[in-house]
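Written out below as structure tokens is the structure these notes cover.
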Amino acid sequence: MTEVHTSGAAGGAAAHTSCERPGGDLGEADPQERFARAALTRIVEPGDATAGRLLRAYGAQELVRALREDAVSPPGFSQERWTGLRSRSQRARPEADLAEIASVGGRFVCPGDQEWPGQLDALGVTRPIGLWVLGEPSLRYWALRSVAVVGARACSEYGVHMAAVLGAGLAQRGWTVVSGAAYGVDGAAHRGALATGGATIGVLACGVDVAYPPGHAELISRIGEQGLLLAELPPKDHPSRSRFVLRNRVIAALTRGTVVVEAALRSGSLSTARHARRLGRFVMGVPGPVTSGLSAGVNELLREEGSVVTDAAEVIELVGSIGDLAPRRRGPSLPRDVLHAEAALVLDALPARGAMEARRLAQEIGITRDAAVARLQELCGLGFVERVGSDWQLSRAPDPGRGAGHTIE
Numbered sequence: 003m004t005e006v007h008t009s010g011a012a013g014g015a016a017a018h019t020s021c022e023r024p025g026g027d028l029g030e031a032d033p034q035e036r037f038a039r040a041a042l043t044r045i046v047e048p049g050d051a052t053a054g055r056l057l058r059a060y061g062a063q064e065l066v067r068a069l070r071e072d073a074v075s076p077p078g079f080s081q082e083r084w085t086g087l088r089s090r091s092q093r094a095r096p097e098a099d100l101a102e103i104a105s106v107g108g109r110f111v112c113p114g115d116q117e118w119p120g121q122l123d124a125l126g127v128t129r130p131i132g133l134w135v136l137g138e139p140s141l142r143y144w145a146l147r148s149v150a151v152v153g154a155r156a157c158s159e160y161g162v163h164m165a166a167v168l169g170a171g172l173a174q175r176g177w178t179v180v181s182g183a184a185y186g187v188d189g190a191a192h193r194g195a196l197a198t199g200g201a202t203i204g205v206l207a208c209g210v211d212v213a214y215p216p217g218h219a220e221l222i223s224r225i226g227e228q229g230l231l232l233a234e235l236p237p238k239d240h241p242s243r244s245r246f247v248l249r250n251r252v253i254a255a256l257t258r259g260t261v262v263v264e265a266a267l268r269s270g271s272l273s274t275a276r277h278a279r280r281l282g283r284f285v286m287g288v289p290g291p292v293t294s295g296l297s298a299g300v301n302e303l304l305r306e307e308g309s310v311v312t313d314a315a316e317v318i319e320l321v322g323s324i325g326d327l328a329p330r331r332r333g334p335s336l337p338r339d340v341l342h343a344e345a346a347l348v349l350d351a352l353p354a355r356g357a358m359e360a361r362r363l364a365q366e367i368g369i370t371r372d373a374a375v376a377r378l379q380e381l382c383g384l385g386f387v388e389r390v391g392s393d394w395q396l397s398r399a400p401d402p403g404r405g406a407g408h409t410i411e
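Counting in the numbering used here, the sequence shown runs from 3 upward without gaps.
Quick look at the structure:
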């Protein structure tokens, strides 16, 4: 093959670049383009930039035709690689895959469909060819207010707790929690959202009808029933190491921001954060102990470009709309906080043990004796001090401002 034909279009400029209807109106993709894209998910690996460029230039139908008919590779493909894709194309049965997904209550969503989340277009030539989806809610609608929560698989109890709290808190506030349904942080985030009856999306590195990891079969089933499962790979397809890494770009692009809860220095979840940063999304991290290897990657992320978050309110303050501010954190309010500045000086000047005469106290802090007496009487009425003859001392009852004793904080 020396050239990919454009079915009448002049070069690649006028060729279809997606499943969109003429004019780009939202609706349903062209059926033939949908079949071709479904076939390509069986032929091309997720995130294949070279195939993505051809797809953008010539459209799915023409690319599938070339793979099935043209023996010569197009520019950008080695002949060996093109031959491998042509071999894969012979086993692609889009009608069977579409029937398979429909039989389990799912669907195939591609660009041009009303349900397609437009934020995925930011991936450019590595944008998913289409997405196999299981679950009733609208993917486009749920993705509009979504946050990714990712982290270590072999996480600590701290990681599980924080991921679950974040998942629950975000879901309770009307945000969709997106993760990869893996062991550890991913699973905890999903469970937190599910426990509140909230929205959650599991992005899989295999077919949506494949329970992987097997130990999360029940969780994945719950996500499919209560939320959404989605994958770039067709039904029954299996996961692989590279597919997990490539899946992370979809998680990052689908959401407004990515929160990393626990991650070692070489954790795969950090790739999700890197994708988010490149796409201009918010990158956040939950800090962990500096002595924990499981938090080393997160802490390094926070030193470089991430924002520190500790709860759902702080996440929403970053990714939400103007006015979605997290409440300011303050220590407990104490009676001494509202003392007049001069009264506070008088109180601090009194010794921890023993009593002091008002004149000497006034000299210590540089005010008149009358002013010192007035402030001492005020403090006495509030229970901070008491009179002993002509002298004054700290009240023997617990200090209402800071508890028993007179320790400097």
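Built from N, CA and C at the ideal position, the CB exists for glycine as well.
Would residue i be called buried (16 or more neighbouring beta carbons within 10 Å of its own) or exposed?
i      : result
Arg429 : The requested residue 429 does not occur in the structure, where the chain is confined to residues 3 to 411.
Tyr60  : buried
Ser80  : exposed
Thr85  : exposed
Gly282 : exposed
Gly120 : exposed
Ala101 : exposed
Ile324 : For Ile324, the predicted model reports a pLDDT of 48, less than 50, meaning its position is unreliable; a value from the coordinates is still stated below. When all chains shown are included, Ile324 counts as exposed.
His342 : exposed
Val310 : exposed
Ala51  : exposed
Glu22  : Confidence at Glu22 is low in this model, with a pLDDT of 45, below 50, so the placement of that residue should be treated as unreliable; the coordinate-derived value is given next. Buried, since its Cβ has 16 or more Cβ neighbours within 10 Å.
Gly391 : exposed
Asp99  : buried
Ser105 : exposed
Gly295 : exposed
Ala31  : buried
Please name the residue or residues paired with residue i in a DSSP beta bridge.
i      : result
Glu359 : Asp393
Val285 : Thr260
Ile203 : Val180 and Leu230
Asp239 : Asp239 pairs with nothing; no bridge assigned.
Val310 : Gly287
So what does DSSP say about residue i, is it helix, strand or coil?
i      : result
Ile131 : coil
Glu97  : helix
Ser181 : strand
Leu136 : strand
Ala150 : strand
Glu388 : strand
Arg268 : coil
Asp188 : helix
Phe37  : helix
Arg109 : strand
Asp50  : coil
Tyr60  : helix
Cys157 : coil
Tyr143 : helix
Asp211 : coil
Leu352 : coil
Phe246 : helix
Val167 : helix
Leu303 : helix
Val162 : helix
Gln365 : helix
Gln379 : helix
Arg175 : coil
Give every residue of the same chain whose Cβ lies closer than 8 Å to the Cβ of residue i, excluding the five residues on either side of it in the sequence, and list them in chain order.
i      : result
Pro24  : The predicted model places Pro24 with a pLDDT of 37, which falls under 50 and marks its position as unreliable; any figure quoted below should be read in that light. Answer for Pro24: no residue qualifies.
Ile225 : Gly137, Ala183, His192, Leu196, Thr202, Ile203, Gly204 and Leu231
Under 6 Å Cβ to Cβ from residue i, same chain only, skipping five residues before and after it: list those, please.
i      : result
Gly287 : Val262, Val300, Leu303, Leu304 and Gly308
Ala184 : Arg155
Apart from the five residues on each side of it in sequence, which residues of its chain come closer than 7 Å, Cβ to Cβ, to residue i?
i      : result
Ala254 : Ala150, Thr260, Thr274, His277, Ala278, Leu281 and Arg283
Pro241 : Ala207, Cys208 and Tyr214
Arg175 : Ala314 and Ile318
Ala265 : Gly153, Ala154, Ser271, Leu272, Gly299 and Val300
Arg258 : Ser148, Val149, Arg283, Phe284 and Val321
Leu248 : Pro48 and Gly49
Gln228 : Leu196
Arg389 : Cys382
Leu267 : Ala298, Gly299 and Glu302
For a quick check, are the C-beta atoms of residue i and residue j less than 9 Å apart?
i      : j      : result
Gly171 : Ala41  : no
Arg193 : Ala166 : yes
Arg135 : Val46  : Inspection of the sequence shows that residue 135 is occupied by Val rather than by Arg. In this structure, Val46 does not lie closer than 9 Å to Val135 by Cβ.
Arg377 : Ala345 : yes
Arg44  : Asp188 : no
Thr132 : Gly108 : Just to set this straight, residue 132 is Gly in the shown sequence, not Thr. Not a contact, by the Cβ cut-off of 9 Å.
Gly204 : Leu232 : yes
Val252 : Leu125 : yes
Ala68  : Arg39  : no
Val111 : Leu57  : no
Ile369 : Leu347 : yes
Give a yes or no on whether 9 Å exceeds the smallest Cβ distance from residue i to chain D.
i      : result
Cys382 : The structure shown contains no chain D, having only a single protein chain.
Looking at residue i and the ligand NAP, is the gap between the Cβ and the nearest heavy atom below 8 Å?
i      : result
Ser105 : Of ligands this structure carries none, so the ligand NAP is not represented either.
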